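Those letters in the sequence shown? Residues -18 to -1, 1 to 712, per mature numbering (1 follows the signal peptide of the UniProt record, and there is no 0), in order.
Every residue gets a Cβ at the ideal spot worked out from N, C-alpha and C, and that includes glycine.
Just so we're clear, the structure is a prediction, and the values are computed from it rather than from any experiment.
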Amino acid sequence: MKLKLAIALALAAMSAQAAEPWMDKSLSADKRAELALQAMTQQEKLRWVLGHFGSDFANKTKKHPAALPFSAGYIEGVPRLGLPALFETDAGLGVATQATKTPRERTSLPSGLATTATWNRELAYQGGAMIGAEARASGFNVMLAGGVNLLREPRNGRNFEYAGEDPLLAGTMVAQQVKGIQSNNIIATMKHYAVNDQETGRFVVDARLDDASNRMSDLLAFQFLMEQADPGSVMCSYNRLNGVYACENDYLLNQVLKKDWGYKGYVMTDWGATHSTVESANAGLDQQSGWEFDKSQYFGGALEEAVTNGHVSQARFDNMVFRVLRAMFDKGVVDNPVAEGGAIDYTAHNLVSRADAEEGMVLLKNAGNVLPLKAGAKKIVIIGAHADVGVLAGGGSSLVYPIGGNAVPGIAPTSWPGPVVYHPSSPMKAIQARAPGAQVVFNDGSDPGAAAQAAAGADVVLVFAQQWVGEALDAVSLALPDNQDALIGAVAKANPKTVVVLETSGPVLMPWVDQAAGILQAWYPGTSGGEAIARVLFGEVNPSGHLPATFPASESQLPRPKLDGDPKNEAVRFTVNYHEGAAVGYKWFDLKGLKPLFPFGHGLSYTQFAYSGLTANQKDGKLSVSFKITNTGAVKGKDVPQLYVSPLNAKWEAPKRLAGWDKVELAPGESKQVSVTVDPRLLGMFDSRSKTWRIAKGGYKVLLAHDAADAKAASITVQLPQRTLNVAGK
Ligand code: BGC
């Protein structure tokens, strides 16, 4: 009987497979996509290239009935062929919800910059795996996460979604996150491609950057990400690049992404970034997203007509569909259908988020070892930033609504790109729990005089300072808003044992830097942020975050002291000239001999680390470096030894580049040997004409440093032969 049943099942499976050969898992994703494509009518093919918004649009259009409520998007499937619909959700910090009063409440990672500040590949992967699991359990099979725009503009309102100023660091860390997400058999999205480096005027801005500079900076971050993680999709951005919209930019889509880099996934637009049918399709765009944001269903009937009339070839149209299907087979979307209502282990996920947050915190200053906080303090005063109840989150489509609701509702803006949200993880409660005998007092910080009075005489004062920004909204300046500089100055004057905890999107100015004894950069620390902050302050966790971006001493040091564009007039086209080229962040500061407030790579610990035995070898031009690292302090800790390379004769965009790093945990007195191999593209210059990377023959200094401005960095010189590498660095 059992045997009969087994045979019947096997026969049924075989006949289903014969009828639907693309369901045969033993075939390659390419073959399966090809077979599925062949079985489709023209109308069915059209479904894959047109995305619908997952929410009502401006009270004009209702959401697609099958889309998940208040989600980012939906693409109809072809159930006749067993091909599921695509359910899209934002984004990089967790499962977001489009603005509503009844959001899905999920776990939020700390900001992207915080994750990058860990310099810990494994943590970035785990964070990705965690949010990807929540996306799957929430019924989503496309997660629009994978933001890797370079931090050229420290005022950019979306810096908290991205991964800082260095292409190697950013590309590597986001690649790990994308791999983690896709380990759940869902598709991730590398975005916003490309040079979408400020929010002011994002729909109209024309970013100007030459090819070679771009390939060695913004595009290089995307290239590293793509190579290391193979994201199923890429989102083209709102802006123009050198005069042409990114989503109809043949150079970006056809030439660089698909031809030069051999990208096999599909390109979707950002929501409202499609401007044409024929130009876009022929430039390499594969899918229009959330069409309701655009002037027209460019990839609906208009595309069908364009194919019928031959303005877009049938072959090109088929390739658009093929790319979407291929990604679905390749990432496991077809074989592992998603369903809403899956179980989520929030306790475990809180711990993933907390581990990320605490390792991403950067101890910027620690005069007189004011930190870690000592047991036995009698009075601790906590000031500002609603630290009694929660921690700040950034605004816009990436917002993950907290479990348990917003700790501080009602702060403006309450609508897009708000609401301003605080995760209900109270730093004060977590501090109180660790100082049982102490009197812990909270002052809201609105009155600097009153706050200073409260601070006087306390054993330690913790001032929480904040900067809220979001999508579509750059910071107007790098100064802390709302008179917080005056607040910190007054408090630090009243009590020298003042520690400032910063909850900011990115770099801010600190006119009070000399007065504060301690400064801890906590970024937007996510779901378990309050707990994570307390654990670092009390030394339960030894801080090991390092800055993924330069903190300038003033805005006059920036390539653009004033932000281009007019936030009050978003309709008029303007140009941002990225004249610094590939000299982004610390490279610009090196080039111009500027002294930042805190350099890229900076981060203190409660212990110390020493480096020795630096050696560098090249074999056939391939550079590898090794050295020893020792914990010379009294407590366990993690360090980020950084390797920079600087040419003696060759001319680069800037004096040096980050070439590698490691994150190493050591017990007191322990040593470890570390080896790093250097990607050869970081040793050469890109030549646009030949599309090759060229490494000049000569001497190169290899620096082993604690940060990008480390005056005591050990160094060694290697001689490299002349080499020419293809566009992929091979
Ligand atoms: C953002 C994207 C996001 C999309 C869908 C756009 O406004 O720029 O990052 O994925 O909306 O919500």
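Spatial neighbours of residue i in its chain, beta-carbon cut-off 6 angstroms, leaving aside the 5 residues before and after
| i | result |
| --- | --- |
| K712 | none |
| R88 | G76, V77, E116 and V382 |
| I385 | E87 |
| M250 | S215, M217, Q269 and S271 |
| K654 | I611 and V646 |
| D200 | L132, A176 and V177 |
| A325 | none |
| E322 | G121 |
| A514 | R336, A339, E340 and P507 |
| E58 | R29 and A67 |
| S37 | K45, F52 and Q80 |
| Q210 | A157 |
| L648 | N613 |
| L202 | P149 |
| G642 | L625, V658 and V660 |
| A457 | R137 and V451 |
| K673 | V709 |
Whole-angstrom C-beta distance between residue j and residue i, which should lie under 8 angstroms
| i | j | result |
| --- | --- | --- |
| T516 | I611 | For clarity, residue 516 is Ala in the given sequence; the question names Thr instead. At roughly 29 angstroms, the Cβ-Cβ gap does not stay under 8 angstroms, so A516 and I611 are not in contact. |
| V124 | T171 | 7 angstroms |
| L126 | A49 | Actually they do not touch by this definition, with Cβ atoms about 14 angstroms apart. |
| T589 | P541 | Not quite, the Cβ-Cβ distance comes to about 36 angstroms (not below 8 angstroms), so this is no contact. |
| P354 | L586 | 12 angstroms between Cβ atoms; not a contact. |
| S487 | F142 | 4 angstroms |
| A417 | I362 | 6 angstroms |
| E104 | R140 | Rounded, the Cβ-Cβ distance is 25 angstroms, inconsistent with contact. |
Cutoff 7 angstroms; reference residue i; Cβ partners in own chain excluding five residues on either side
| i | result |
| --- | --- |
| residue 714 | The chain is shown from -18 up to 712; residue 714 falls before or after that span and cannot be answered. |
| V316 | L65, P66 and M310 |
| A695 | L685, L686 and A687 |
| W398 | A81 |
| L91 | L75, G76, T97, G109, I113, S335, D338 and G508 |
Sequence-distant residues of the same chain with beta carbon closer than 8 angstroms to residue i, five excluded per side
| i | result |
| --- | --- |
| D188 | N221, R222, L223, N224, G225, R555, F556, T557 and V558 |
| P662 | G603, K604, L605, W675, I677, R705, L707 and G711 |
| T43 | F35 and E274 |
Beta-carbon gap between residue i and residue j smaller than 8 angstroms
| i | j | result |
| --- | --- | --- |
| P581 | A690 | yes |
| V445 | V490 | no |
| G378 | A454 | yes |
| K360 | A438 | no |
| A157 | L207 | yes |
| V617 | M302 | no |
| residue 744 | K313 | For the chain, the structure presents residues -18 to 712; residue 744 sits outside this window and is missing. |
| E485 | L374 | yes |
| D193 | N131 | no |
| G372 | A389 | yes |
| Y682 | V658 | no |
| M112 | H331 | yes |
| Q497 | G521 | no |
| V320 | R118 | yes |
| P543 | P578 | no |
| Y560 | R134 | yes |
| S219 | A255 | yes |
| S407 | G575 | no |
| W101 | V622 | yes |
| A349 | A499 | yes |
| A367 | A447 | yes |
| G709 | D232 | What sits at residue 709 in the sequence shown is Val, not Gly. No, these two residues do not count as a Cβ contact at 8 angstroms. |
CB contact check: residue i to chain D, cutoff 8 angstroms
| i | result |
| --- | --- |
| G431 | Although the question refers to chain D, the structure presented lacks it and comprises just one protein chain. |
Cβ-heavy atom distance, residue i to ligand 2, below 7 angstroms
| i | result |
| --- | --- |
| K45 | Of the ligands this structure carries, namely ligand 1, none is ligand 2. |
**the stretch 467 to 484 touching the stretch 55 to 64, judged by at least three CB pairs closer than 8 angstroms** = no
**Prompt:** Can at least three beta-carbon pairs, one atom from the stretch 333 to 349 and one from the stretch 503 to 517, be found at a separation below 8 angstroms?
**Reply:** yes
**Asked** How do the stretch 634 to 642 and the stretch 697 to 704 stand: do at least 3 beta-carbon pairs fall below 8 angstroms, yes or no?
**Response** no
**Message:** Pairs of beta-carbons, one from the stretch 250 to 265 and one from the stretch 277 to 285, closer than 8 angstroms: are there three or more?
**Reply:** yes
**Asked** Taking contact to mean at least 3 C-beta pairs separated by less than 8 angstroms, is the stretch 289 to 301 in contact with the stretch 91 to 110?
**Response** no
**Asked** Is the stretch 226 to 241 touching the stretch 592 to 603, taking contact as three or more C-beta pairs under 8 angstroms?
**Response** no
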